[in-house]
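Heads up, my numbering is the position in the sequence shown plus 112, with the first residue counted as 1.
By construction, the Cβ of each residue, glycine as well, lies at the ideal position given by its N, Cα and C atoms.
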Amino acid sequence: MAKDTIIIGGSITGLMCGIMLKHHGYNVTIIEQEASTFRPGYNAGMSLRGEAGAFLEAHDRVGRDMVIEGTSGENRPAPQRGITLRNTSWGLLVRVLRANFDGVMSKAVPVAPATRKGSGKTMFKNGVRGVNLQEAGQKVTVERTLLSDVNRDYLGYFCWRGTVPEELVDEKWNKVYLGKTMFEFLDQSYLIIYTIPTDEGDFSPRKRLHNWVWYPKMTESPEMNDLFTDVNGLENCGTVPRNLVRPEA
């Protein structure tokens, strides 16, 4: 009996599910509304721990370096001090996952892994907008239809985030940041800084990026709606692309 699966949404979650099913012999088609081969990652940082790390150990067949390890410092809560965090960029992870899923090559993964015996066939369809969905957004059409009783609760914090290339930072501070995950707890907000490779997988000194994320507290309010309204007057759900953030926001 044929084992065919369609996944709506080709971001990290969709790709991980697709890779796992492929390795279990399923034929998988991913439908993604983004027209470009890779969603823009904007060099956003992320940490690969727990289930994500276990998934890559089991299913990643690219095998390239992907993380910069950073030890959490003394300003982390006592039970979490000294924990080693494995940090990478969102875009690099997506490129590794695409190579694993359907063999798409990139500067980060110039040679795709060979398909092993027993794996299913895969297809990734870009620019499919007949079904307008956000795979990991706050208002997911399929989730709301199938799991109508499940609510996503806003926890009261949003974030500003960005990256700074090492080459633009004084060497004294590069040495402070590299190899650490820095936390700073402020009045009703906190800041995280750690170093990541580029979306293309560049780990070179001076080319690496210091990723920073600032989490201020804000209640759901007209002010919050205004903050998520971009230069075109569109209120965004979850994320405002960096080139659309209003200067006065």
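Under 8 Å, with one C-beta from each stretch per pair, do the stretch 153-161 and the stretch 194-202 reach the 3-pair mark?
yes
Please classify isoleucine 131: is it buried, with 16 or more other beta-carbons within 10 angstroms of its beta-carbon, or exposed?
By the neighbour-count rule (16 or more Cβ atoms within 10 Å), isoleucine 131 is buried.
What separation, rounded to the nearest whole angstrom, lies between the Cα atoms of methionine 235 and threonine 117?
10 Å
Within the chosen definition, does the stretch 137-150 reach the stretch 170-181 through at least 3 CB pairs nearer than 8 Å?
no
Paired residues, beta bridge with tyrosine 302 - DSSP
Phe297, Tyr327
Whole-angstrom C-beta distance between glycine 182 and lysine 292, which should lie under 8 Å
5 Å
Can we say the stretch 336-356 touches the stretch 299-314, given the rule of at least three CB pairs closer than 8 Å?
The stretch 336-356 vs the stretch 299-314: no contact.
Lysine 237: first and last residue of the uninterrupted beta strand (DSSP E) it sits in
Counting along the chain, the unbroken beta strand (DSSP E) around lysine 237 starts and ends at 234-237.
Range of the contiguous alpha helix (DSSP H) that encloses threonine 196
DSSP places threonine 196 in no alpha helix (DSSP H) but in the uninterrupted beta strand (DSSP E) bounded by 196-201.
Starting from asparagine 139, follow the beta strand (DSSP E) in both directions and report where the run begins and ends.
In this chain, the beta strand (DSSP E) harbouring asparagine 139 covers 139-143.
Spatial neighbours of asparagine 355 in its chain, beta-carbon cut-off 8 Å, leaving aside the 5 residues before and after
Closer than 8 Å at the Cβ level, and outside the excluded window around asparagine 355, lies no residue.
Validate contact between the stretch 256-263 and the stretch 318-337 using beta carbons, cut 8 Å, 3 pairs
no
What residues are listed by DSSP as bridge partners for aspartate 116?
Paired residue(s): Asn139.
Do you know offhand how far phenylalanine 340's Cα is from cysteine 349's?
7 Å
Helix, strand or coil at leucine 321 [DSSP, three-state]
strand
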